[in-house]
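Asker:
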DNA sequence: GGGCCTATCGCACTAAGGTGTAATAGCGGT
DNA sequence: ACCGCTATTACACCTTAGTGCGATAGGCCC
């Protein structure tokens, strides 16, 4: 059985806020609910910290000395960190909230924060994150393996996942069908998939498929 | 060659705003750019109107007498209308913008609206909409066809797209492999796909695949 | 030069998929 | 009772895919 509602203890919450009062209150709130919580006063402190790979959520103040919350969000996105982010802010405006939401934030709550709303947003984010994490890991592993393919193998793969027959692949690449079979076999073993269906599925989801 | 930047004339813009001045100004702006524009004073007027199936964008005031913009957004979503929506508002707040963005709005601009920003948001939305429209149509067609499958054919399809072999499908369903082949053949012809790869791809994207 | 990777091709054999025909059987509606 | 849809199976035949072994050849690095 897969756990549909992971226990709070299996999740990590990161709070980044330079306002001592708010930060401590937030930590207290989630700690009392049984979550593991770590807090930071600045974005760079958070970045320096070694993050574990538990499902989790980042609670982020928008205005902070140094790097702002929005900037931190962009930096994490650039590094393909998929940690969900809930913003809280004292002096935010609409364009700022829109920008954050466009960039994938889970929620954007003005201070004073409604504690119940915050807990709900974070809980939801963590549940979704927990559910998608193993899928994400599967895709990362697939991408990693696809990277080990040679150029030719990659070409063959792109045609295979579009349903092109070995015979046609051979003609299109100007090689023998037997050779296509060799490449195709390597693609399957190198990527570790055990069926064409899985290869297509993972190619789709990982966005590895090349355009026409 | 597929048109990457569709001409404005190939797109339809709907403006819904009870404020005469703003509405007329918006219409003028986009009309002068060559877009086809239709405007409405209330949500219900828009809903009564026959929409053509061109790519387009809805520019929506949040506060209106009768149905609000947010409510209209929800109603359209409930009817699976995928028209992109750009909100403009005079008295919006952060929670409202967040709600709209969570519900899939393209942008949320406070009045007085920066004309350039509005044009950019709408143009982007239309381009994206135009690009995804034929894919959406393809998926709708696929879903429609999958609905014509019999129960057994559907069961077989679910196993096929997971890479299960005919032999194993037969054992799992307690029938002969020959029978599986018959069902499988019907699945392919009824859904109109011409390869396993395409079946898997469309099943993935259309969300037809059943869970374990 | 020797080792390693990549790419190529051929052959033989096995397994799996796809098609067409035909037949049986139950179920629901006219 | 008859028709149509669904489901089932069998048989025959052909096409694809997959595997294992061997072999050649060019490029690159030490």
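Chains as they are written, first to last, in the working numbering: chain U, 1 to 212; chain G, 1001 to 1212. Don't be surprised by glycine CBs; every beta carbon is placed ideally from N, CA and C.
1) Is DSSP giving residue 187 of chain U helix, strand or coil here?
2) Just to confirm before moving on: does the CB-CB distance between residue 16 of chain U and residue 26 of chain U stay below 8 Å?
3) Could you check whether residue 1127 of chain G and residue 1209 of chain G sit closer than 8 Å to each other, using their CB atoms as the reference points?
4) Answer yes or no: does any C-beta atom of chain G fall closer than 8 Å to that of residue 118 of chain U?
5) At a CB-CB cut-off below 9 Å, which residues of chain U make contact with residue 1108 of chain G?
6) With a threshold of 6 Å on Cβ separation, who are the neighbours of residue 1107 of chain G within its own chain once the five nearest residues in sequence on each side are excluded?
7) Quick check for students: name the residue ranges of the beta strand (DSSP E) that lie wholly in the stretch 1074-1105 of chain G, counting only runs of 3 or more.
8) What residues in the stretch 140-163 of chain U bring their beta carbon closer than 9 Å to a beta carbon of chain G?
9) Which one of G:1176, G:1142, G:1178, G:1154 has the shortest CA to CA distance from residue 1198 of chain G?
10) Going along chain U in order, which residues have a C-beta closer than 7 Å to the C-beta of residue 1195 of chain G?
11) Which of helix, strand or coil does DSSP assign to residue 67 of chain U?
12) Can you say whether residue 32 of chain U is buried or exposed, counting buried as having 16 or more other CB atoms within 10 angstroms of its CB?
13) On a Cα-Cα basis, can you pick out the residue from U:201, U:69, U:146 that is closest to residue 183 of chain U?
14) Using a Cβ cut-off of 8 Å, pull out every chain G residue sitting near residue 86 of chain U, in sequence order please.
15) If you measure from the beta carbon of residue 184 of chain U to each beta carbon in chain G, is any gap under 8 Å?
16) Tell me, please, whether the stretch 1188-1204 of chain G touches the stretch 159-171 of chain U by the rule of three or more beta-carbon pairs shorter than 8 Å.
17) Check whether chain G comes within 8 Å of residue 201 of chain U, counting only Cβ atoms and requiring the distance to be less than that.
18) What are the boundary residues of the beta strand (DSSP E) that includes residue 1059 of chain G?
19) What residues in its chain sit with their C-beta under 8 Å from that of residue 29 of chain U, if we drop five residues either side in the sequence?
20) Return yes when at least one heavy atom of the ligand SAH lies under 7 Å from the C-beta of residue 69 of chain U, else no.
21) Could you give the DSSP three-state label for residue 1036 of chain G: helix, strand or coil?
22) Please report the straight-line C-alpha distance between residue 1206 of chain G and residue 1140 of chain G, rounded to a whole angstrom.
23) Is DSSP giving residue 53 of chain U helix, strand or coil here?
24) Under a CB-based cut-off of 8 Å, is residue 1198 of chain G close to chain U?
25) Considering Cα atoms alone, identify which of U:64, U:172, U:59 is closest to residue 84 of chain U.
26) Using the three-state DSSP reduction, which class does residue 175 of chain U fall into: helix, strand or coil?
27) Can you tell me which residues form a DSSP beta bridge with residue 1108 of chain G?
28) Alpha carbon to alpha carbon, how far is residue 1138 of chain G from residue 1010 of chain G? Give it in angstroms, no decimals.
29) Thinking just about the alpha-carbon of each residue, which of G:1057, G:1042, G:1047 is nearest to the one in residue 1065 of chain G?
30) Does any residue of chain U bring its CB to less than 8 Å from the CB of residue 1204 of chain G?
31) Name, in chain order, the residues that DSSP records as bridge partners for residue 1015 of chain G.
32) Buried or exposed: where does residue 89 of chain U fall if 16 or more other Cβ atoms within 10 Å of its Cβ makes it buried?
33) Can you list, in chain order, the residues of its chain whose CB lies under 7 Å from that of residue 1200 of chain G, leaving out five sequence neighbours each side?
Answerer: Per the coordinate set shown:
1) In the first chain, counting from the first residue as 1, residue 187 of chain U sits at position 187. Note: residue 187 of chain U maps to helix in three-state DSSP.
2) In the first chain, counting from the first residue as 1, residue 16 of chain U sits at position 16. In the first chain, counting from the first residue as 1, residue 26 of chain U sits at position 26. Result no, Cβ atoms of residue 16 of chain U and residue 26 of chain U do not sit closer than 8 Å.
3) If you number the second chain from 1, residue 1209 of chain G lands on position 209. If you number the second chain from 1, residue 1127 of chain G lands on position 127. Going by C-beta atoms, residue 1209 of chain G is not nearer than 8 Å to residue 1127 of chain G.
4) Locating residue 118 of chain U in the first chain gives position 118, counting from the first residue. Answer no: the Cβ-Cβ gap between residue 118 of chain U and chain G never drops below 8 Å.
5) Residue mapping note: residue 1108 of chain G aligns to position 108 of the second chain, counting from 1. Chain U residues near residue 1108 of chain G: 94, 95, 97, 98, 101.
6) Here residue 1107 of chain G refers to the residue found at position 107 when the second chain is read from its first residue. If we look at residue 1107 of chain G and ignore the five residues flanking it on each side, its Cβ neighbours are 1086, 1121.
7) 1085-1089
8) 160, 161, 162, 163
9) To locate residue 1198 of chain G, count along the second chain from 1; it is residue 198. Of the listed residues, the one whose Cα sits closest to residue 1198 of chain G is G:1142.
10) Position 195 of the second chain, counting from 1, holds the residue named residue 1195 of chain G. Neighbours of residue 1195 of chain G on chain U, chain order: 163.
11) For the purposes of this step, residue 67 of chain U is taken as residue 67 along the first chain, with counting starting at 1. Coil.
12) Against the first chain, residue 32 of chain U aligns to sequence position 32. Result: exposed.
13) Numbered from its first residue, the first chain carries residue 183 of chain U at position 183. That would be U:146, whose Cα lies nearest to the Cα of residue 183 of chain U.
14) By 1-based counting over the first chain, the position of residue 86 of chain U is 86. Per Cβ cutoff of 8 Å: no residues; residue 86 of chain U is ~11 Å from chain G at best.
15) Along the first chain, one-based indexing puts residue 184 of chain U at 184. No, no contact with chain G.
16) The stretch 159-171 of chain U and the stretch 1188-1204 of chain G touch, with three or more beta-carbon pairs separated by less than 8 Å.
17) The sequence position of residue 201 of chain U within the first chain is 201, counting from 1. So, interface residue.
18) For the purposes of this step, residue 1059 of chain G is taken as residue 59 along the second chain, with counting starting at 1. Note, residue 1059 of chain G: beta strand (DSSP E), 1056-1061.
19) Counted from its first residue, the first chain places residue 29 of chain U at position 29. Answer for residue 29 of chain U: 115, 118, 119, listed in chain order.
20) What this structure holds is no ligand at all, so the ligand SAH is not there to describe.
21) Sequence index remark: in the second chain, residue 1036 of chain G carries index 36 (1-based). Strand at residue 1036 of chain G.
22) One-based indexing of the second chain puts residue 1206 of chain G at position 206. One-based indexing of the second chain puts residue 1140 of chain G at position 140. Answer to the nearest angstrom: the Cα atoms are 8 Å apart.
23) Counting from one through the first chain, the residue named residue 53 of chain U turns up at place 53. In the structure shown, residue 53 of chain U sits in coil (DSSP, three-state: anything other than H, G, I, E or B).
24) Working through the second chain from its first residue, we reach residue 1198 of chain G at position 198. At least one chain U Cβ lies under 8 Å of residue 1198 of chain G.
25) Residue numbering aside, residue 84 of chain U sits at position 84 when the first chain is read from its first letter. That would be U:59, whose Cα lies nearest to the Cα of residue 84 of chain U.
26) For the purposes of this step, residue 175 of chain U is identified with residue 175 of the first chain, where counting begins at 1. Residue 175 of chain U falls in the coil class under three-state DSSP.
27) By one-based count along the second chain, residue 1108 of chain G stands at place 108. G:1087, per the DSSP bridge assignment.
28) Translated into the one-based positions of the second chain, residue 1010 of chain G becomes position 10. Translated into the one-based positions of the second chain, residue 1138 of chain G becomes position 138. Cα to Cα, the separation comes out at about 20 Å.
29) Within the second chain, residue 1065 of chain G is the residue found at index 65, counting from 1. It is G:1042 whose Cα lies nearest to the Cα of residue 1065 of chain G.
30) Mapped onto the second chain, residue 1204 of chain G falls at position 204. Closer than 8 Å to some Cβ of chain U, the Cβ of residue 1204 of chain G qualifies, so yes.
31) Taking the second chain and counting its residues from 1, one reaches residue 1015 of chain G at position 15. Note: residue 1015 of chain G sits in a beta bridge opposite G:1039, G:1059.
32) Start at 1 with the first residue of the first chain, and residue 89 of chain U comes out as number 89. By the Cβ-count criterion, residue 89 of chain U is buried, with 16 or more other Cβ atoms from all chains shown falling within 10 Å of its own Cβ.
33) The sequence position of residue 1200 of chain G within the second chain is 200, counting from 1. The answer, listed in chain order, is 1161.
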